[in-house]
Amino acid sequence: MVKIIFATGNKGKVNEIREILKDSSVTVLTMKEAGYDIDVDENGSTYEENASLKAKAVMEASGLITLADDSGLEIDFLNKEPGIHSARFMGHDTSYDVKNKCILEKLAGVPDEKRSARFVCAIAVAFPDGRIETVRDTMEGRIAHEIAGTNGFGFDPIFFLPDRGLTSAEISPEEKNEISHRGKALRRMCERLKELGVIE
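Numbering (the working numbering), first residue to last: 1007 to 1206.
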């Protein structure tokens, strides 16, 4: 049985990868379950750099294969902000309700065709031999005109999916896993781990 740490405190992310890997010979542990509490300074200039910093730090402490992700919301009208600063946008302790209202205010009066946006997720895997591999995926959409939905978290209530006519906080968690940036990146990473012979 291969043990892999997912360097996150977010239970939702861990449940997501456990669901994807449920038929494989892998046990996914959170940092807490593995007995580690490491706060990594995410000072990279890309999603890949930030994910790699987290994965490398936890791998070096644990000696186990470690996954980590970094994600953000890119809004084209705002020059792809908040981007890699999404979690720190307006401060760590600011609620997403306040952040979402702020973004809607910034885009007040902006027509739909100029509200294009995407969620981006990069996932890194750090191996005990020092190798690091990364993958990236996205979910395209646009910024809604109002907050809607309670299923998601973060910026989900203002991220509108035109092909569904709903925000990503209005679709089911199962549907979101199928199409989300993180779900797609996790599946891509799982394929990469299979190619490398880490998992079957």
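Glycine is no exception: its CB is placed at the ideal position from the N, C-alpha and C atoms.
{"Query": "Rounded to whole angstroms, how far is the Cβ of Ile1011 from the Cβ of Ala1040, which I believe are closer than 8 angstroms?", "Result": "5 angstroms"}
{"Query": "Give, in chain order, every unbroken run of the beta strand (DSSP E) that is at least 3 residues long and sits entirely within the region 1063 to 1149.", "Result": "1071 to 1081, 1122 to 1132 and 1138 to 1149"}
{"Query": "With H, G and I counted as helix, E and B as strand and the rest as coil, what does DSSP make of Val1204?", "Result": "coil"}
{"Query": "Answer with buried or exposed for Pro1134, where buried requires no fewer than 16 other C-beta atoms within 10 angstroms of its C-beta.", "Result": "exposed"}
{"Query": "With a CB to CB cut of under 6 angstroms and the five nearest residues on each side skipped, what residues in its chain are close to Glu1197?", "Result": "none"}
{"Query": "When DSSP labels each residue in this structure, what does Val1020 get in the three-state scheme?", "Result": "helix"}
{"Query": "Within this structure, are the beta carbons of Ile1138 and Ala1063 separated by less than 9 angstroms?", "Result": "no"}
{"Query": "Closest by CA to Ser1211, which one among Ala1150, Ile1129 and Ala1130?", "Result": "The chain is shown from 1007 up to 1206; residue 1211 falls before or after that span and cannot be answered."}
{"Query": "Exposed or buried, which one is Glu1152 when buried takes at least 16 other CB atoms within 10 Å?", "Result": "exposed"}
{"Query": "Around the C-beta of Phe1159, are 16 or more other C-beta atoms found within 10 angstroms, so that it is buried, or is it exposed?", "Result": "exposed"}
{"Query": "Since Phe1012 sits in a beta bridge, which residues does DSSP pair it with?", "Result": "Thr1036 and Leu1073"}
{"Query": "How about Ala1074 and Thr1014: do their beta carbons lie closer than 9 angstroms?", "Result": "yes"}
{"Query": "DSSP state of Leu1167, grouped into three classes?", "Result": "strand"}
{"Query": "Since Leu1172 sits in a beta bridge, which residues does DSSP pair it with?", "Result": "Leu1167"}
{"Query": "Would a C-beta distance cut-off of 9 angstroms place Ala1128 and Ala1175 closer than the cut-off?", "Result": "no"}
{"Query": "Which residues bound the alpha helix (DSSP H) around Glu1181?", "Result": "Pro1179 to Ile1185"}
{"Query": "By Cβ distance, which residues of its chain are closer than 8 angstroms to Tyr1042, with the 5 residues on each side in sequence left out?", "Result": "Ile1011, Val1064, Ala1067 and Ser1068"}
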